[in-house]
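Colleague: Below are the structure tokens for one structure; questions will follow.
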Amino acid sequence: MRDELMATSVTTLKPTKKKTTKRKKRNTKKKLVIVESPAKAKTISKYLGRTYNVIASKGHIRDLPKSRMGVDISDDYKPDYISIRGKGDTIKMLKAEAKKSKEIFLASDPDREGEAIAWHVAHVLNLDVTDKNRVTFNEITKDTVKDAFKHPRTIDMNLVNAQQARRIVDRLVGYSISPILWKKVKKGLSAGRVQSVALWIVIQREREIKAFNPEEYWTIDSVFKKGRSKFKASFHGLNGKKKKLSSNEDVQDILKRLDPKGDFKINEVKKREKKRQPPLPFTTSTMQQDANKKLHYKTGRTMMAAQQLYEGINVGKEGSQGLITYMRTDSTRISSIAKHEAAEFLHKEYGPEYAANHPKKGKLPEGSQDAHEAVRPTSAFRTPKSIEKYLTKDQFRLYSLIWSRFIASQMTPAVVDTETVTIEQNGVDYRANGSKMKFEGYLKVYSAGKEKDNILPELKKDDVVKLDTNNPDQHFTQPPARYTEAALIKTLEENGVGRPSTYAPTLMTIQKRYYVRLDARRFVPTELGEIVNTLIEEYFPDIVNVDFTADIEGKLDEIEEEKRKWVAVVNQFYQPFSKEVTYAEKEMEDVQIKEPLAGFDCEICGSPMVVKMGKYGKFFACSRFPDCRNTQTIVKEIGVSCPKCHEGQVIERKTKRKRIFYGCSRYPECDFVSWDKPIGRDCPKCGHFLVNKKVRGGWQVVCPEGDYEEDVIK
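Spelled out as structure tokens, the structure:
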């Protein structure tokens with residue numbers, strides 16, 4: 001019994017083995033997201049969290065080779081893509097990160113170029129283009145980015161093919177015409193499909209200016225008075241009909257009819273309410289135009305700031321935020337969410353009377369893709385003032401322009417009371433126009449084009465007024481103005497030449513090649529530009545044909561819409577073009593560009609010095625180059641002795657950013673500098689040198705150290 005109990009107790013006390021469960025190893029692999037720029041990567045990484053690794057390809061990683069055509073014409077225009085020089089380390093990094101990632105997403109920009117970048121990255125990483133690994137978003141905000149990753153798609157080969165066709169056509173044009181220009185004119189020249197049209201448009205305008213014959217015309221602006229009140233009116237016509245004054249004789253005939261001391265009768269008073277509609281939000285083109293007109297920004301400067309605003313800026317507690325929607329668009333469409341937020345902002349900040357119930361919608365220009373929204377802020381509540389301290393000057397000024405334009409587009413029209421008064425004596429009619437702002441509407445935010453009130457005295461029909469002064473003035477019709485960057489972009493867009501992404505590089509190229517130069521912010525063709533344009537006009541007429549270039553753009557759009565095959569479009573262009581190339585190679589004569597003499601001889605070899613054009617502008621060089629390599633910078637004296645050392649001459653210099661300043665010719669012995677132009681006179685009060693300073697309305701002689709100033713010269 002005891003033994004049994006002992007056995008039982010031993011059995012009972014026998015330790016039991018613990019069950020051990022193996023823990024599954026946690027998958028530490030992250031999802032890889034590839035974008036173009038580090039700034040964009042930083043912003044998106046913040047939204048996606050730790051399970052994602054966001055890196056940048058820093059733009060394209062493959063392209064056609066620079067040293068040769070890179071297009072196999074005999075094999076359906078097959079492009080020979082190679083890795084871009086300098087992108088080796090980036091490609092290695094992309095491959096290394098891809099190997100240790102469990103999933104890969106391609107999140108480059110949402111346009112043809114972005115789609116092509118995604119396709120090239122997929123090729124380098126051996127990704128299947130039929131996989132749903134392409135992610136796009138029109139704005140870089142938390143909700144938009146997270147939602148985009150819930151709906152990945154395959155790479156859109158229609159977009160890729162449209163970009164590829166453009167790239168190949170442009171390569172065929174550039175690498176066929178440029179070598180001919182190098183051989184026949186001078187090395188370093190280039191000819192592109194869109195840039196050649198842009199140059200042609202500038203030169204056509206110059207030809208119009210040279211052929212212009214001014215016509216004489218006259219105006220009679222007068223001042224009338226009623227009691228103590230005075231107001232302005234202008235001659236309109238005779239006996240109720242408008243009349244043009246073409247000469248002084250016409251003016252004298254009118255004045256002979258008048259009795260200056262007699263009564264003038266008010267024949268008609270028309271009062272009406274006029275509505276001024278708000279502008280549409282920005283497209284790429286209108287943004288570039290407004291930035292050029294209002295901020296004096298070149299197109300490249302505008303697009304650089306816009307790219308930074310789109311990709312993300314650190315705005316304090318919110319961290320890195322994309323501040324605007326995608327900046328390459330030809331659409332004025334606004335999402336319903338953005339409209340509602342703008343309405344909420346306007347109700348809160350300005351009142352319901354300023355918020356439009358049905359904001360104005362714009363018509364899409366012919367050929368527009370409407371792939372993206374208009375350029376707008378990602379949040380209406382993020383006012384320019386609230387984030388000013390986080391932005392650079394360029395970013396802030398451009399963001400202010402975009403924000404105010406968008407908010408204005410969602411506001412009610414401005415209402416202006418207008419008044420037109422007809423004044424008559426002996427059949428001679430004058431007209432006076434008055435206006436008064438009744439309701440600011442969108443002008444509360446967007447003051448572009450806002451006019452001052454012009455209030456007329458209280459006038460009724462049959463009232464009598466007196467003539468105070470009559471001021472006849474002679475005028476001459478003016479030739480059409482040269483193109484500014486804004487005007488040229490507008491003309492290219494109206495003619496269907498180029499697309500939002502091409503305007504900035506096109507304008508940059510024709511300046512870089514010195515085909516045009518900017519004079520007072522307007523394009524003037526150079527002699528070199530005239531020569532190149534004349535040759536292209538003669539031997540490649542289709543290249544400078546606006547309609548032909550616009551037709552190609554339309555066909556590229558049709559490739560994107562899967563209505564055409566890219567090889568057929570390229571072939572249709574190249575077959576007749578190749579015949580023109582063959583003809584030009586045989587028939588084009590050599591063109592010698594005469595370099596102007598500098599007016600003095602080389603101090604090394606005694607040969608005449610000439611003026612040459614280099615990468616950074618004009619300079620003096622020996623005419624025996626390359627046997628003699630003597631060069632000199634061109635010094636522009638202003639005819640004033642240095643106010644500091646009195647030995648050297650004041651000369652015009654330029655900073656690296658091409659800003660003009662004035663310094664002593666004896667530098668570095670004399671360190672005199674001035675931003676304003678010295679005039680060679682001293683201040684009568686303190687004896688300091690006087691300068692000519694640019695002010696609103698003209699120029700003014702002032703003393704930099706004192707309060708002395710002279711009248712403004714308009």
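Position one of the sequence shown corresponds to residue 1 (full-length UniProt numbering), numbered consecutively onward. The C-beta atom is built at its ideal place from N, Cα and C for all residues, glycine as well.
#1: Would you say residue 535 and residue 515 are within 8 Å of each other, going by their C-beta atoms?
#2: Please look up how many angstroms separate the CB atoms of residue 589 and residue 539, rounded, as I've assumed it's under 8 Å.
#3: On the criterion of 16 or more Cβ atoms from any shown chain inside 10 Å, does residue 694 qualify as buried, or is it exposed?
#4: For the beta strand (DSSP E) holding residue 38, just list the boundary residues, first then last.
#5: Spatial neighbours of residue 428 within its chain, please: CB distance less than 8 Å, with the 5 preceding and 5 following residues excluded, ordered by chain position.
#6: Whole-angstrom Cβ separation of residue 52 and residue 33, contact assumed at under 8 Å?
#7: May I have the straight-line CA-CA distance separating residue 370 from residue 465, to the nearest angstrom?
#8: Rank 231, 248, 667 and 653 by C-alpha distance to the C-alpha of residue 455 and give the top, closest one.
#9: Around the C-beta of residue 738, are 16 or more other C-beta atoms found within 10 angstroms, so that it is buried, or is it exposed?
#10: With distances taken between CB atoms, is the gap from residue 313 to residue 376 smaller than 8 Å?
#11: Just tell me which of 591, 568, 631 and 618 has its CA closest to the CA of residue 607.
#12: Is the beta carbon of residue 559 closer than 8 Å to that of residue 158?
#13: Here's the rule I'm using: 16 or more other beta-carbon atoms within 10 Å means buried, otherwise exposed. How should residue 430 be labelled?
#14: Would you check if the distance between the CB atom of residue 269 and the CB atom of residue 460 is smaller than 8 Å?
#15: Among residues of its own chain, excluding the 5 on either side of residue 271, which ones have a beta-carbon nearer than 6 Å to its beta-carbon?
#16: On the criterion of 16 or more Cβ atoms from any shown chain inside 10 Å, does residue 321 qualify as buried, or is it exposed?
#17: With residue 571 as the anchor, note down where its alpha helix (DSSP H) starts and where it stops.
#18: Could you check where the alpha helix (DSSP H) with residue 441 kicks off and where it finishes?
#19: How should residue 574 be labelled, buried or exposed, when 16 other C-beta atoms within 10 angstroms of its C-beta is the threshold for buried?
#20: With DSSP as the reference, label residue 709 as helix, strand or coil.
#21: Whose C-alpha, out of 620, 586 and 99, is nearest the C-alpha of residue 610?
#22: Can you grab the Cα-Cα spacing for the pair residue 179 / residue 99, in whole Å?
#23: In the DSSP assignment, what residue or residues form a beta bridge with residue 633?
#24: Would you call residue 597 buried or exposed, if buried means 16 or more other Cβ atoms sit within 10 Å of its Cβ?
#25: For the putative contact between residue 174 and residue 509, defined by C-beta atoms under 8 Å, what is the C-beta separation to the nearest angstrom?
#26: Is residue 700 helix, strand or coil when you go by DSSP?
#27: Using only alpha-carbon positions, find the residue among 344, 92 and 407 that is nearest to residue 374.
#28: Run through the segment 66-113 for me and flag every whole alpha helix (DSSP H) of 4 or more residues, listed as ranges in chain order.
#29: Rounded to whole angstroms, what is the Cα-Cα separation between residue 62 and residue 483?
#30: I'd like the list of long-range same chain contacts for residue 40, defined as Cβ closer than 6 Å, with 5 residues on each side in sequence excluded.
#31: Going by the beta-carbon positions, is the gap between residue 665 and residue 651 smaller than 8 Å?
#32: Under 8 Å by Cβ, that's how I've got residue 181 and residue 532 pegged, so tell me the actual separation to the nearest angstrom.
#33: So residue 454 is in the beta strand (DSSP E); what residue range does that whole segment cover?
#34: Looking only at its chain, what residues have a beta carbon closer than 7 Å to the beta carbon of residue 686, apart from the 5 residues adjacent to it on each side?
#35: Three or more C-beta pairs under 8 Å: does that hold for the segment 467-481 against the segment 439-453?
#36: Quick check for students: name the residue ranges of the beta strand (DSSP E) that lie wholly in the segment 637-680, counting only runs of 3 or more.
Modeller: Straight from the coordinates:
#1: no
#2: That belief does not hold up - the Cβ atoms of residue 589 and residue 539 are roughly 11 Å apart, past 8 Å.
#3: exposed
#4: First-last for residue 38: 38-48, but that is the alpha helix (DSSP H), not the beta strand (DSSP E).
#5: 235, 238, 254, 257 and 258
#6: 6 Å
#7: For residue 370, the pLDDT reaches just 47, beneath the cut-off of 50, and the residue's location in the model is therefore unreliable, leaving the point undetermined.
#8: 231
#9: Lying outside 1 to 714, the shown extent of the chain, residue 738 is not represented and no answer is given.
#10: no
#11: 631
#12: yes
#13: buried
#14: yes
#15: 419
#16: buried
#17: 566-587
#18: From DSSP, residue 441 is part of no alpha helix (DSSP H); its letter is neither H nor E.
#19: buried
#20: strand
#21: 620
#22: 43 Å
#23: 619
#24: exposed
#25: With 8 Å as the limit, residue 174 and residue 509 do not qualify as a contact, their Cβ atoms being about 10 Å apart.
#26: strand
#27: 407
#28: 88-99
#29: 36 Å
#30: 311
#31: yes
#32: 6 Å
#33: Unbroken run through residue 454: none, as it is neither H nor E.
#34: 703, 705 and 706
#35: no
#36: 649-654 and 660-664
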